[in-house]
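Each remark here refers to the structure printed beneath this line.
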Amino acid sequence: MDPDRNPETPAGRRRLFLIAVRDYPDEGDDFRAGIDAQITAASTWWADKDALGDRAFSIDAAAKIHSREDLDDFIRDTGLRRAGAGDVLVVHLTGHGERGQSGTHRLIMPGGDPRRPDRDAYPTGDLISAALSSDAGQVLIIVNACYAKAVQADVLRVAQDLPRHRREHATLAVIATVDADDRPRDREFATLLDRVHAQLCTTAGIAAEHLTLEEFLTELTRAALQDPGQPLAVPHRVWETWRTRYPMRSLPNPGYRPPADLAGPQRRQVAADATELDYWLDRASGRPDHDPGWYFTGRADLNRATARFLTGDGGVLIVTGSAGSGKSAVIARAVTLSDPDVLARPRYARAAQAAPPGTLPPPGAVDVALLARNTDSVDLLTRLVTALGEQPRPAPDHGDPGQHLREQITEIISARFAGTGRPVTVVVDGLDEATRPTRLVADLLGPLARLATPAGVHLVRLLVGVRSSTPHHALPAAEFDTLLDLLQRATAAPPGNVLRTDTDGVYDDLATYAETLLAAGDGPYAGDDEAVRAARTETAAVIAARVQPSFLDTRLAAGHLRGRLTRQPLDDPAWLASLTDATIGQLRLDLRDNATDDYPVAHLTGVLRAAAFALGAGIPWADIWPAMTEAVLDTTLPDADGLIGHVLSGRLGGYLVSDVEDGRTVYRLVHERLAEVLRQDLLPHRQVEGA
1 MDPDRNPETP AGRRRLFLIA VRDYPDEGDD FRAGIDAQIT AASTWWADKD ALGDRAFSID
61 AAAKIHSRED LDDFIRDTGL RRAGAGDVLV VHLTGHGERG QSGTHRLIMP GGDPRRPDRD
121 AYPTGDLISA ALSSDAGQVL IIVNACYAKA VQADVLRVAQ DLPRHRREHA TLAVIATVDA
181 DDRPRDREFA TLLDRVHAQL CTTAGIAAEH LTLEEFLTEL TRAALQDPGQ PLAVPHRVWE
241 TWRTRYPMRS LPNPGYRPPA DLAGPQRRQV AADATELDYW LDRASGRPDH DPGWYFTGRA
301 DLNRATARFL TGDGGVLIVT GSAGSGKSAV IARAVTLSDP DVLARPRYAR AAQAAPPGTL
361 PPPGAVDVAL LARNTDSVDL LTRLVTALGE QPRPAPDHGD PGQHLREQIT EIISARFAGT
421 GRPVTVVVDG LDEATRPTRL VADLLGPLAR LATPAGVHLV RLLVGVRSST PHHALPAAEF
481 DTLLDLLQRA TAAPPGNVLR TDTDGVYDDL ATYAETLLAA GDGPYAGDDE AVRAARTETA
541 AVIAARVQPS FLDTRLAAGH LRGRLTRQPL DDPAWLASLT DATIGQLRLD LRDNATDDYP
601 VAHLTGVLRA AAFALGAGIP WADIWPAMTE AVLDTTLPDA DGLIGHVLSG RLGGYLVSDV
661 EDGRTVYRLV HERLAEVLRQ DLLPHRQVEG A
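With the UniProt record's numbering, letter number 263 in the sequence shown gets 263, and the count goes up by one each step, no holes.
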């Protein structure tokens, strides 16, 4: 876990102080409604227990503030000045304000004499001082009043009087919603908070539990300028301490979704994070997006060979096949079903119990599981060191960083073997998706395979997944065959240790997979009626015969049918052609079925194509995905965010997986084959729309 993104701080109270000065003699209905909207918006953001859980704040709301004495009583009665070091405070202040002749800011009191603000108005700096001078470890003050930024002079005076340790060690910030010569409009800041709340739950994609001040202000600015015809006031930072550059517990992220804690500590060390564990579970289960079922029930011979290898004395096992033929499923099944903590969960325990004899790897068989997608050799070497439980040592100034990391890995693995007497199991999937696969073979996989004792005993058990073309077919994937050949030679893998997932015998497994997918859910193929079972079996057989050896295309075809209201006629030429067209055909059907007048096929395709061109872990939403989509389509979209949301919320969302990179949620195609299809110049609109 990144300490900067998820800081560990002392436990204390989270308190939201809602100070709304109202009941002015001349206030109208719009002003009262605006105050109510602010209270609702702030309460939703900071105090919604259902959404925030233990990040929710308790509310201290001022009942009636008519005089200076009332506000002083509120400060005293709530203990604002006496907040403890572990407390987190958010002070939301709204009401009429003015700037005095001395430049200080004052809150107008409803019960005061408008001719004597010097006596009856409340010095805003006194309220700010009460919060900043407390011992609370984190304080955020939001001033939403006329001439709000005029509080800057008061804040600077208060800050100068704070002790040095308070300025250096507390996380303190003050925000003004309007400038020193401006007045907020009714409902303006409430509208802004609501917009930002919605952004953080969708387009912003910030994955952390809490926001930095910079992230909060950036999203406020983006929301304020959302409608160029009617811009809202952009809030101002008034003052802050340096610690606001880190996530603040005073700014809970409403878009945060805690990862499923599926594995125990041992497995969490193997997988880089919960997102990576989700990768293995998705591939191992063969489940569509948001579906907890377990559908891969065949592949017994391949699974048995893999399990046997994982109980052996080391060496190399290569799992290979054409795109979509289930390489990752075989590998990921071994990774997932060797984790005792995952097996403790009922749905995975059921999968293990139903497994044919000899197909389960022993618990704890896999030590490290790495994904090679979009990584280079130094990246993967670094991740391997970390996954083995060590910190990468700094490389010498003029040395080869890869060699330096290999030496450290050799030391770690040798020490482990000396202590346990068994080889360390390393899994690397998606070799062909690395940035430079051949370098990865030379820099990492070959050296790992050659690690041995002086007596020739292997120190590593290496399991690698790599794409290759189907035997006896045309050779559009010759580059992958060259990579497979290089991998075999570099690791000295014997022919018997190369498992293919695309042999002629795959038909039965595909048919079983399709039938199981069709039976799930509430679609027209679910149920135990004899006629339903017969239709399911016959449909699955047609799918398997047309798409073999692709599990990816089987999943897409069956997923499309089980979402229908009626069964698919098996003699429909268009449907049969879509199966023959494999991935392209299924994508065409789903694009057609999800298109609307507002979101036509071409635009839906553009969203997916933009994700296909993304590097790294995927494409972030925010401003990037809309801009990429418009660039791919070479047009300006009237509602790019709505278009992306339409894709993610429907069946097309199943073509994408989410990940986290640099603290942001990113999206990529669920399979590299889909990305390849969408990146091809010949596919885009004409080929996809041509159904």
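Built from N, CA and C at the ideal position, the CB exists for glycine as well.
Everything numeric in this text was worked out from a predicted model, so none of it was measured.
Where the alpha helix (DSSP H) containing residue i begins and where it ends
i	result
Tyr655	From DSSP, Tyr655 is part of no alpha helix (DSSP H); its letter is neither H nor E.
Trp45	29 to 47
Ser578	573 to 580
Met628	624 to 633
His404	401 to 420
Glu69	68 to 78
Leu107	It is not in any alpha helix (DSSP H) - Leu107 instead sits in the beta strand (DSSP E) that spans 105 to 107.
Leu637	From DSSP, Leu637 is part of no alpha helix (DSSP H); its letter is neither H nor E.
Thr336	327 to 336
Thr359	Counting along the chain, Thr359 falls outside any alpha helix (DSSP H), and DSSP gives it neither H nor E.
Thr386	377 to 387
Leu608	601 to 612
Leu198	According to the sequence displayed, residue 198 carries Ala and not Leu. Run containing Ala198: 188 to 201, per the alpha helix (DSSP H) assignment.
Simplified DSSP assignment, three categories, for residue i
i	result
Glu515	helix
Leu591	helix
Phe216	helix
Val316	strand
Leu370	strand
Val547	helix
Ala145	strand
Arg164	helix
Arg17	The question names Arg, but residue 17 is Phe in the sequence shown. Of the three classes helix, strand and coil, the one that applies to Phe17 here is strand, per DSSP.
Thr425	strand
Ala159	helix
Glu672	helix
Ile504	In the sequence on display, residue 504 carries Asp and not Ile. Reduced to three states, the DSSP call for Asp504 is coil.
His236	strand
Asp278	Only weak support is given to the placement of Asp278: the predicted model assigns it a pLDDT of 48, under 50, and the value that follows is read from those uncertain coordinates. Asp278 falls in the helix class under three-state DSSP.
Thr491	helix
Pro117	helix
Ala520	coil
Leu678	helix
Ala307	helix
Leu211	strand
Pro447	helix
Leu570	coil
His685	At His685, the pLDDT of 48 sits below 50, so the modelled position is not reliable; the number obtained from the coordinates is stated separately. DSSP places His685 in helix when its eight states are reduced to three.
Pro123	strand
Thr539	helix
Thr171	strand
Closest Cα partner of residue i within the set the options
i	options	result
Asn253	Ala150, Leu552, Arg664	Arg664
Asp36	Leu18, Arg304, Leu52	Leu18
Phe336	Tyr507, Ala369, Ala180, Ala323	The residue asked about is misnamed: residue 336 is Thr in this sequence, not Phe. When each option's Cα is compared against that of Thr336, the closest is Ala369.
Ser250	Thr537, Ala675, Ala544, Leu213	Leu213
Ser67	Thr453, Pro495, Ala121	Ala121
Ile644	Phe31, Glu676, Ala611	Ala611
Asp659	Ala557, Arg668, Pro437	Arg668
Val196	Ala224, Ile141, Arg450, Leu561	Ala224
Asp194	Leu604, Val88, Thr40	Thr40
Val316	Ala614, Val90, Ala51, Val460	Val460
Pro626	Gly618, Gly616, Gly606	Gly606
Thr501	Phe309, Gly465, Gly521	Gly465
Contact belief for residue i with residue j at Cβ below 8 Å, rounded distance in angstroms
i	j	result
Ala519	Ala511	With a Cβ gap of about 13 Å, Ala519 and Ala511 do not count as contacting.
Met109	Val178	Actually they are not in contact, since the Cβ atoms of Met109 and Val178 sit about 20 Å apart, beyond 8 Å.
Leu561	Thr539	7 Å
Pro235	Leu211	That pair is no contact at about 14 Å.
Range of the contiguous beta strand (DSSP E) that encloses residue i
i	result
Gln226	Note, Gln226: premise wrong, no beta strand (DSSP E); not H, not E.
Gly465	460 to 467
Thr177	Taken as a continuous stretch (DSSP letters only), Thr177 belongs to no beta strand (DSSP E), as it is neither H nor E.
Arg99	97 to 99
Arg249	248 to 252
Val441	Here Val441 belongs to no beta strand (DSSP E), and DSSP marks it neither H nor E.
Per DSSP, the bridge partner or partners of residue i
i	result
Tyr667	Ile619, Ser658
His92	Leu18, Ile142
Ile206	Arg664
Val498	Ile318
Asp60	Phe17
Ala452	His458
Neighbour flag for residue i against chain B, beta carbons, 8 Å
i	result
Arg106	Looking for chain B here will not work: only one protein chain is present.
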